[in-house]
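First comes the structure, then the notes that go with it.
Residue numbers (our numbering), protein chains in the order written: chain F, 352 to 736; chain L, 179 to 721.
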């Protein structure tokens with residue numbers, strides 16, 4: 352099976368792979384600081400973050416672009432994955448000088464002396480990584496079962512996923528939850544998890560560790576890309592796209608669309624979760640602000656801007672919007688939200704296929720221009736006609 | 179502070195003076211001028227008068243704002259100083275005094291004697307018992323009972339003999355019983371009082387009965403302890419009931435606001451196929467309209483004037499017009515291109531929402547702004563011990579009004595007929611000569627106007643800020659989905675239902691867990707009825 356549509360895509364993939372996995376980390380490690388070619392530590396962190404967001408956008412594209420499910424809880428899955436791995440990091444943050452315990456600060460502050468049972472296993476890194484995929488996966492499984500078996504679709508699905516995001520973000524904003532008269536400590540509330548120390552025994556703030564995580568994220572990006580490229584060519588992927596185009600016809604052809612949709616939904620949630628796990632060590636923290644409904648809408652906008660239903664569109668969209676955001680936030684602190692909002696409105700109205708669809712959209716226009724210029728440049732033909 | 183309050187109260191009294199009984203003033207004037215031996219009769223008559231002026235006057239007398247003065251005719255008169263002016267007490271006319279005369283007046287400060295002061299405090303405490311206003315009488319009785327002072331017991335009993343009003347009688351009986359808890363003559367009387375208070379569900383006396391019970395347990399008086407326990411249980415049950423009633427009331431009022439917001443959504447989403455993520459920002463427009471009007475009226479007329487009170491009533495229609503006009507503009511320039519493309523509209527309107535929120539921040543600042551309450555909406559009403567804020571009662575009434583208005587618009591007017599026709603089949607309506615474009619613009623403007631009116635009402639209950647709409651938007655979408663898209667009756671019922679369930683759950687598991695639970699209940703509800711309460715009937719496969 353051919354994974355790539357054409358040589359250009361293969362070339363682009365190879366170049367991106369070489370640049371992200373080898374070139375940039377090497378420029379960071381071996382080119383001295385101050386040199387023009389030096390890729391700074393700050394940029395390693397920044398672009399590492401963008402890469403995990405790109406993976407998140409790809410996972411949403413799998414749902415929205417290929418299955419027609421506009422999911423407004425993708426950033427929630429991402430944040431859950433980030434929390435799961437963040438818990439591991441938190442438990443390895445070292446002994447805190449103020450309270451003299453290895454417990455996370457907010458637990459000391461609440462007067463806890465031992466880890467609650469649902470926190471304890473996250474001390475193991477392997478467990479945390481598996482959990483960062485399984486927790487979003489299980490949530491997606493339960494929610495998907497409820498939603499798809501009662502044939503909630505289209506806009507209703509979007510609204511329900513938004514409600515789920517809203518509910519869980521409220522939950523994570525709390526410090527403690529009281530259920531049946533018993534109080535449970537949660538995940539740091541407003542402040543979330545931060546001040547990490549080490550990751551698998553390496554100092555999290557060391558340049559080499561950062562470089563390593565960056566390479567890991569880049570590999571994740573490439574693997575997920577290949578996975579999606581492969582998936583959409585399989586029978587599963589074909590059925591998936593058929594569901595997007597006409598769900599009823601697929602159902603009448605004897606396929607259980609519920610099962611297919613659940614499979615995709617769970618898979619996309621797991622991809623988002625692992626992306627979150629790579630995100631948290633690079634930004635040094637996670638809090639409930641990262642899972643508010645607006646974040647999930649942002650992801651949708653990345654995909655829309657890049658071009659949904661294309662393999663590389665979401666990656667472009669996520670990176671372009673993030674770069675614009677980083678730039679505008681500094682240059683126009685008061686109006687960057689207006690700029691961003693205006694871009695969204697413009698893209699939806701005038702670029703229905705996003706950036707990836709732009710060449711096709713502009714093709715007729717360019718043709719016309721070419722004809723015009725060729726017509727004006729050869730007066731003989733124009734006078735003849 | 180006390181002085182200031184007195185000045186304020188007196189100037190209020192003086193402005194309403196013409197309607198009041200001048201007998202109180204004459205009695206007071208006599209009291210000031212009379213020899214000590216003759217004052218007792220006057221005192222009891224004053225207590226009977228029930229005129230709250232007595233309290234104000236006595237306070238002034240104590241602080242040295244009362245003077246005796248010989249008038250031009252050589253007659254002794256009583257002068258009261260209020261708001262830096264001098265009044266003759268018995269006729270309440272302002273005296274035009276020269277600076278020399280003022281000095282003379284000020285020299286003749288009159289203060290009640292120590293013995294009189296003690297008796298006077300009894301008079302001022304009990305004068306409200308005879309007030310003309312039933313509410314004041316009830317409050318006074320309960321306050322006296324609550325103080326459990328023995329000397330008030332005969333006063334309360336004497337008043338009970340004369341009392342005609344039913345609820346005031348009840349209050350007096352309750353007050354006497356509360357007083358008896360401390361001042362009982364014998365064990366039987368105490369037990370009777372305890373039982374009576376239990377029957378009255380007297381929340382005010384709960385802690386006092388508890389101490390009676392504790393003492394009875396100590397003394398080994400089992401029957402009294404049992405009676406007290408029984409009474410406490412009765413009171414607690416009543417408190418529980420009030421709590422539930424309170425939650426239901428708050429739920430209905432929260433639901434009412436949701437209802438107005440959701441109506442606008444139901445129209446734009448259900449009828450036009452647009453998911454308007456910026457709907458919440460139209461709510462904020464309503465809130466900010468209120469804020470601007472509040473500022474404007476305050477600057478223009480001063481916050482003390484009666485005209486200022488009108489700001490809220492002006493801002494409700496104004497917010498409708500402002501948001502409606504903006505909605506209309508946006509429809510012809512923007513939303514028009516998004517019909518029947520709900521997912522795309524969701525994205526584009528999310529961009530719009532971001533732009534609008536940032537605009538609010540730039541114009542009004544990132545922090546929440548404060549909107550004043552007109553007097554008519556700032557109080558509390560009490561029914562059977564259940565306290566309800568006027569603003570919330572207004573929200574409920576207003577939601578009912580909006581529901582009626584929308585219903586009338588959709589069913590009784592030509593525009594409504596057009597709206598329904600366009601909603602059912604855009605193309606066919608168009609071919610029948612219905613001006614589809616104009617109907618769309620007007621419908622959309624109406625939906626936005628509704629959101630803004632909800633925002634105006636919200637400004638009286640919650641905060642006004644750039645993010646205020648965001649808090650409502652998720653819930654409002656749920657309301658529309660639960661009700662059945664495009665179905666106004668469904669939207670109304672689900673809004674009230676969601677509001678009430680939310681408020682009932684909140685005291686049980688906390689506000690945030692309550693909201694979360696409601697959202698999960700909704701998700702589960704949609705398992706049972708995926709199309710909402712009243713699903714749209716259609717033969718189309720895709721609906």
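The C-beta atom is built at its ideal place from N, Cα and C for all residues, glycine as well.
- Legend: CB atoms of the segment 524-546 of chain L lying less than 9 Å from CB atoms of chain F belong to residues 524, 525, 526, 527, 528, 529, 530, 531, 532, 533, 534, 535, 536, 537, 539, 540.
- Relative to residue 520 of chain F, the option among F:534, F:539, F:535 whose CA is nearest is F:539.
- In the structure shown, the three-state DSSP call for residue 527 of chain F is strand.
- Residue pairing by DSSP puts residue 544 of chain F in a beta bridge opposite F:637.
- Of the residues F:676, F:668, F:722, the one whose Cα lies closest to the Cα of residue 704 of chain F is F:668.
- Your pair residue 359 of chain L and residue 350 of chain L does not check out as a contact, with CB atoms roughly 15 Å apart and the cut at 8 Å.
- When C-beta distances to chain L are compared with 7 Å, the residues of the segment 482-504 of chain F below that value are 497, 501, 502, 503, in chain order.
- At least one CB atom of chain L sits nearer than 8 Å to the CB of residue 651 of chain F.
- Taking the CA atoms as reference points, residue 524 of chain L sits about 30 Å from residue 573 of chain F.
- Close partners of residue 688 of chain L in chain F (Cβ separation under 9 Å): 525, 528, 529.
- Within chain F, no C-beta atom comes nearer than 9 Å to that of residue 631 of chain L; the closest sits roughly 23 Å away.
- In the structure shown, the three-state DSSP call for residue 362 of chain L is coil.
- At a cut-off of 8 Å between beta carbons, residue 638 of chain F makes no contact with chain L.
- Around the CB of residue 710 of chain L, 16 or more other CB atoms lie within 10 Å, so the residue is classed as buried.
- Under DSSP, residue 687 of chain L forms no beta bridge with any residue.
- When C-beta atoms of the segment 622-635 of chain F are compared with those of the segment 420-437 of chain F, three or more pairs fall below 8 Å, so the two segments count as touching.
- Residues of the segment 670-696 of chain L that bring their beta carbon within less than 8 Å of a beta carbon in chain F comprise 687, 688, 690, 691, 693, 694, in sequence order.
- Taking the C-beta atoms as reference points, residue 450 of chain L is found nearer than 8 Å to residue 621 of chain L.
- Chain-order list of chain F residues neighbouring residue 510 of chain L: empty, with the shortest C-beta distance near 14 Å, by a criterion of under 9 Å.
- Minimum Cα-Cα distance from residue 440 of chain L among the listed residues L:381, L:689, L:673 corresponds to L:673.
- Around residue 602 of chain L, the same chain offers no residue with a beta carbon nearer than 8 Å, after the five sequence neighbours per side are excluded.
- Non-local beta-carbon contacts of residue 482 of chain F in its own chain, meaning distances under 6 Å to residues more than five positions away in sequence, involve 435 in chain order.
- Secondary structure at residue 553 of chain F: strand, using DSSP grouped into helix, strand and coil.
- Around residue 453 of chain L, the beta-carbon contacts reaching into chain F at under 7 Å are 506.
- Not a single CB atom of chain F sits nearer than 8 Å to the CB of residue 324 of chain L.
- With respect to the 8 Å criterion, residue 617 of chain F and residue 419 of chain F are not classified as neighbours on the basis of their beta carbons.
- Between the segment 638-657 of chain L and the segment 506-517 of chain F there are three or more inter-stretch CB-CB distances shorter than 8 Å, so the stretches are counted as touching.
- Counted as a single uninterrupted DSSP element, the alpha helix (DSSP H) harbouring residue 650 of chain L occupies residues 646-661.
- A residue is called buried when at least 16 other Cβ atoms come within 10 angstroms of its Cβ; residue 491 of chain L does not meet this threshold and is exposed.
- Neighbours of residue 652 of chain L across chain F, judged by C-beta separation under 7 Å: 513, 514, 517, 644.
- For residue 669 of chain F, the nearest beta carbon of chain L is not closer than 8 Å to its own beta carbon.
- If the five residues before and after residue 520 of chain L are omitted, its C-beta is found closer than 6 Å to the C-beta atoms of 451, 453, all from its own chain and listed in chain order.
- By the neighbour-count criterion, in which a residue is buried when 16 or more other Cβ atoms sit within 10 angstroms of its Cβ, residue 390 of chain L is buried.
- One finds nothing in chain L with a Cβ atom closer than 8 Å to the Cβ of residue 387 of chain F; even the nearest lies about 37 Å away.
- Counting only the Cα atoms, residue 611 of chain F lies some 31 Å from residue 437 of chain F.
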